[in-house]
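A.B. asks: Our numbering puts the first residue of the sequence shown at 4, with every later residue one more than the last. Using N, Cα and C, we set each Cβ at its ideal position, and we do this for glycine too. Here the structure is a predicted model, which means the values were calculated and not measured. Sharing a structure with you now.
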Amino acid sequence: MGELVKNLGYLAIASRMKMLSERLMKDVSRIYAEQGIPFEPRWFLVYQQLLLKSPMGITEIAGNIGLSYPAVNQIASEMERSGITGSRPDQEDGRKRLLYLTEDGSNLAEKLIPVWVDIELANRAMFRSASREFIETLDKIEQLLDQQGIYERVKDNIRLRIGASVTIVDYRPEFAPFFKSVNIDWLTTFFTVEPEDEAVLSDPENEILKKGGIILFALYNEVLIGTCAMISHGEGEWELAKMGVIEHYRRSGVGKKLIEAAIDRAKRNDATSLTLFTHEKLEAAVALYKRMGFRKAVKKNAAETQRFERGGFRMQLKLKK
Numbered sequence: 004m005g006e007l008v009k010n011l012g013y014l015a016i017a018s019r020m021k022m023l024s025e026r027l028m029k030d031v032s033r034i035y036a037e038q039g040i041p042f043e044p045r046w047f048l049v050y051q052q053l054l055l056k057s058p059m060g061i062t063e064i065a066g067n068i069g070l071s072y073p074a075v076n077q078i079a080s081e082m083e084r085s086g087i088t089g090s091r092p093d094q095e096d097g098r099k100r101l102l103y104l105t106e107d108g109s110n111l112a113e114k115l116i117p118v119w120v121d122i123e124l125a126n127r128a129m130f131r132s133a134s135r136e137f138i139e140t141l142d143k144i145e146q147l148l149d150q151q152g153i154y155e156r157v158k159d160n161i162r163l164r165i166g167a168s169v170t171i172v173d174y175r176p177e178f179a180p181f182f183k184s185v186n187i188d189w190l191t192t193f194f195t196v197e198p199e200d201e202a203v204l205s206d207p208e209n210e211i212l213k214k215g216g217i218i219l220f221a222l223y224n225e226v227l228i229g230t231c232a233m234i235s236h237g238e239g240e241w242e243l244a245k246m247g248v249i250e251h252y253r254r255s256g257v258g259k260k261l262i263e264a265a266i267d268r269a270k271r272n273d274a275t276s277l278t279l280f281t282h283e284k285l286e287a288a289v290a291l292y293k294r295m296g297f298r299k300a301v302k303k304n305a306a307e308t309q310r311f312e313r314g315g316f317r318m319q320l321k322l323k324k
């Protein structure tokens, strides 16, 4: 093992485990060759499965041993060329290919099993000398990966890093095109752009700012990635509206930062409540609003009920009693 890989520690764990696996496989392959056994280490799991049940479909084998369909299909083709397995169409479903052990394949077990016992003994002795709980640790790692893969774990870290680096700034005229585009993108993803949307998004200065409203923007590395508007309805009532985040940065804590900033601004403007309109289909957004303290509220009047064709419901955060 090279010093670079060792020094990289957990960052290189996948590369190191792959190299370890290849090293073990290479030695086992050498053992098979010296014992005159025509068998490849990469066939081991498929062969073991067919010893337990034969014939079996490729999809069923893949599911049982935890390999992908293409990987099992490739192994099956190699084993079939070697004469260890054969294949035939499934009588119940001609589209499926069933794999089975040939007579030579079944007989090969007599030579393989004693060598597997030797391999198991060698593995057990070596790994237990390193750690008496190696297999238990491996089981735990696999369980943790089943619960949440490295992809999701890394994405969570990226989201946290991005969220921590986001800054919230006020409206500038040059931000107007972004305010419209990010909201149009969001609306067309989930609904349609309605006349009220178009009017507000096309002229935010007159429709929001000159009517006493506020527009906030989220910046990450000086790049606009999100926005929201605060509309004043007078008598301490404010509405959180037109919130959108670029798709790549969603679920990065950007929406939460925008809402926190909006709540702070509402309080500084002596707001008694902050209202928003949302929709049942926006499950992640609704869950965020609830975490931020918003609760479902009745619509105040018929005009509010008919405001958008897309329907939805009203949520409210009370700021002062």
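Restricting to Cα atoms, I'd like to know which of Arg84, Phe297, Arg91, Arg253 is closest to Ile165.
C.D. replies: In the sequence shown, residue 165 corresponds to position 162, counting from 1. Selected option, being the one with the closest Cα: Arg253.
A.B. asks: Going along the chain, which unbroken runs of the alpha helix (DSSP H) with 4 or more residues stay wholly within the stretch 118-191?
C.D. replies: The qualifying runs are 137-150, 153-168.
A.B. asks: Rounding to the nearest angstrom, what Cα-Cα distance links Lys158 and Ile116 in this structure?
C.D. replies: Here residue 158 refers to the residue found at position 155 when the sequence shown is read from its first residue. Here residue 116 refers to the residue found at position 113 when the sequence shown is read from its first residue. Between Lys158 and Ile116, the C-alpha separation is close to 43 angstroms.
A.B. asks: What would DSSP say about Leu55, mapped onto helix, strand or coil?
C.D. replies: Locating residue 55 in the sequence shown gives position 52, counting from the first residue. Leu55 falls in the helix class under three-state DSSP.
A.B. asks: Within a Cβ cutoff of 6 angstroms, which residues of the same chain sit near Leu277, ignoring the five residues on either side of it in sequence?
C.D. replies: Mapped onto the sequence shown, residue 277 falls at position 274. The answer, listed in chain order, is Trp241, Leu243, Ala269, Leu320.
A.B. asks: Roughly how many whole angstroms lie between the Cα atoms of Ile87 and Tyr72?
C.D. replies: The count along the sequence shown starts at 1 and reaches residue 87 at position 84. The count along the sequence shown starts at 1 and reaches residue 72 at position 69. In a straight line, the C-alpha of Ile87 is about 19 angstroms away from that of Tyr72.
A.B. asks: Just how far apart, CA to CA, sit Arg317 and Ala300?
C.D. replies: The residue given as residue 317 occupies position 314 in the sequence shown. The residue given as residue 300 occupies position 297 in the sequence shown. Approximately 5 angstroms, taken between the alpha carbons.
A.B. asks: If you run the structure through DSSP and keep just helix, strand and coil, what is Ala274?
C.D. replies: Here the question's residue 274 lines up with position 271 in the sequence shown. Looking at Ala274 - three-state DSSP - the assignment turns out to be coil, as it is neither helix nor strand.
A.B. asks: For Lys99, which of helix, strand or coil comes out of DSSP?
C.D. replies: The sequence position of residue 99 within the sequence shown is 96, counting from 1. Coil at Lys99, not helix or strand.
A.B. asks: I'd like the list of long-range same chain contacts for Asp93, defined as Cβ closer than 8 angstroms, with 5 residues on each side in sequence excluded.
C.D. replies: Working through the sequence shown from its first residue, we reach residue 93 at position 90. Cβ neighbours of Asp93 beyond the five flanking positions: Gly60, Lys99, Arg100, Leu101.
A.B. asks: Pull up the distance between the alpha-carbon of Gly12 and that of Glu6, whole angstroms please.
C.D. replies: Translated into positions along the sequence shown, residue 12 becomes position 9. Translated into positions along the sequence shown, residue 6 becomes position 3. Rounded to whole angstroms, Gly12 to Glu6 spans 10 angstroms at the Cα level.
A.B. asks: Check whether the stretch 53-70 and the stretch 19-34 are in contact - that is, three or more C-beta pairs closer than 8 angstroms.
C.D. replies: The stretch 53-70 is not in contact with the stretch 19-34.
A.B. asks: Can you tell me where the alpha helix (DSSP H) holding Ser24 begins and where it ends?
C.D. replies: For this step, residue 24 is matched to residue 21 along the sequence shown. Note, Ser24: alpha helix (DSSP H), 16-37.
A.B. asks: Check whether the Cβ atoms of Ala221 and Lys260 sit closer than 8 angstroms, and answer yes or no.
C.D. replies: Reading the sequence shown from its first residue, position 218 is the one you call residue 221. Reading the sequence shown from its first residue, position 257 is the one you call residue 260. The answer is yes: Cβ separation under 8 angstroms.
A.B. asks: Closest to Arg294 by CA distance: which of Leu48, Ala202, Gly256, Pro176 is it?
C.D. replies: Counting from one through the sequence shown, the residue named residue 294 turns up at place 291. When only C-alpha atoms are compared, the closest one is Gly256.
A.B. asks: Can you give me the C-alpha to C-alpha distance between Leu285 and Leu141, rounded to a whole angstrom?
C.D. replies: What you label residue 285 is simply residue 282 of the sequence shown in a count that begins at 1. What you label residue 141 is simply residue 138 of the sequence shown in a count that begins at 1. One C-alpha to the other measures close to 39 angstroms.
A.B. asks: Secondary structure at Phe194, three-state DSSP: helix, strand or coil?
C.D. replies: Locating residue 194 in the sequence shown gives position 191, counting from the first residue. Coil at Phe194, not helix or strand.
A.B. asks: Have a look at Ala74 and Glu25 and give me their C-alpha separation to the nearest angstrom.
C.D. replies: As a first step, residue 74 is located in the sequence shown; it is residue number 71 there, counting from the start. As a first step, residue 25 is located in the sequence shown; it is residue number 22 there, counting from the start. Whole-angstrom Cα-Cα distance: 16 angstroms.
A.B. asks: Nearest to Gly216 by CA position, among Gly237, Ser205, Ala112, Asp200, is which residue?
C.D. replies: Residue numbering aside, residue 216 sits at position 213 when the sequence shown is read from its first letter. The residue with the shortest Cα to Cα distance from Gly216 is Gly237.
A.B. asks: How should Phe193 be labelled, buried or exposed, when 16 other C-beta atoms within 10 angstroms of its C-beta is the threshold for buried?
C.D. replies: Within the sequence shown, residue 193 is the residue found at index 190, counting from 1. Its Cβ having fewer than 16 others within 10 Å, Phe193 is exposed.
A.B. asks: Could you pull the start and end residues of the beta strand (DSSP E) that Thr88 belongs to?
C.D. replies: As a position in the sequence shown, residue 88 is number 85, starting the count at 1. 88-92 is the span of the beta strand (DSSP E), which, as asked, contains Thr88.
A.B. asks: Measure from the alpha carbon of Ala202 to the alpha carbon of each residue in Leu14, Lys245, Ile161, Tyr174, then state which is nearest.
C.D. replies: Translated into the one-based positions of the sequence shown, residue 202 becomes position 199. That would be Lys245, whose Cα lies nearest to the Cα of Ala202.
A.B. asks: Give the secondary structure of Met246 by DSSP, where H, G and I count as helix, E and B as strand, and everything else as coil.
C.D. replies: Along the sequence shown, read from residue 1 onward, the residue named residue 246 stands at position 243. Correct three-state label for Met246: strand.
A.B. asks: Please report the Cβ distance between Ile171 and Leu219, rounded to the nearest whole angstrom; I am assuming they are in contact, meaning their Cβ atoms lie under 8 angstroms.
C.D. replies: The residue labelled residue 171 in the question sits at position 168 within the sequence shown. The residue labelled residue 219 in the question sits at position 216 within the sequence shown. Between Leu219 and Ile171 the Cβ distance is about 5 angstroms, and since that is below 8 angstroms, they are a contact.
A.B. asks: Answer yes or no: do Ser57 and Leu104 have a C-beta to C-beta separation smaller than 8 angstroms?
C.D. replies: Counted from its first residue, the sequence shown places residue 57 at position 54. Counted from its first residue, the sequence shown places residue 104 at position 101. For Ser57 and Leu104, yes; Cβs fall inside 8 angstroms.
A.B. asks: My assumption, with CB atoms under 8 angstroms, is that Ile78 sits in contact with Arg45. Please give the rounded CB distance.
C.D. replies: As a position in the sequence shown, residue 78 is number 75, starting the count at 1. As a position in the sequence shown, residue 45 is number 42, starting the count at 1. Rounded, the Cβ-Cβ distance is 6 angstroms, consistent with contact.
A.B. asks: Considering only DSSP beta bridges, list what Tyr223 is partnered with.
C.D. replies: Translated into the one-based positions of the sequence shown, residue 223 becomes position 220. Answer is Val226.
A.B. asks: Which class does Leu70 belong to by DSSP, given the choice of helix, strand or coil?
C.D. replies: What you label residue 70 is simply residue 67 of the sequence shown in a count that begins at 1. Leu70: coil per DSSP, three-state reduction.
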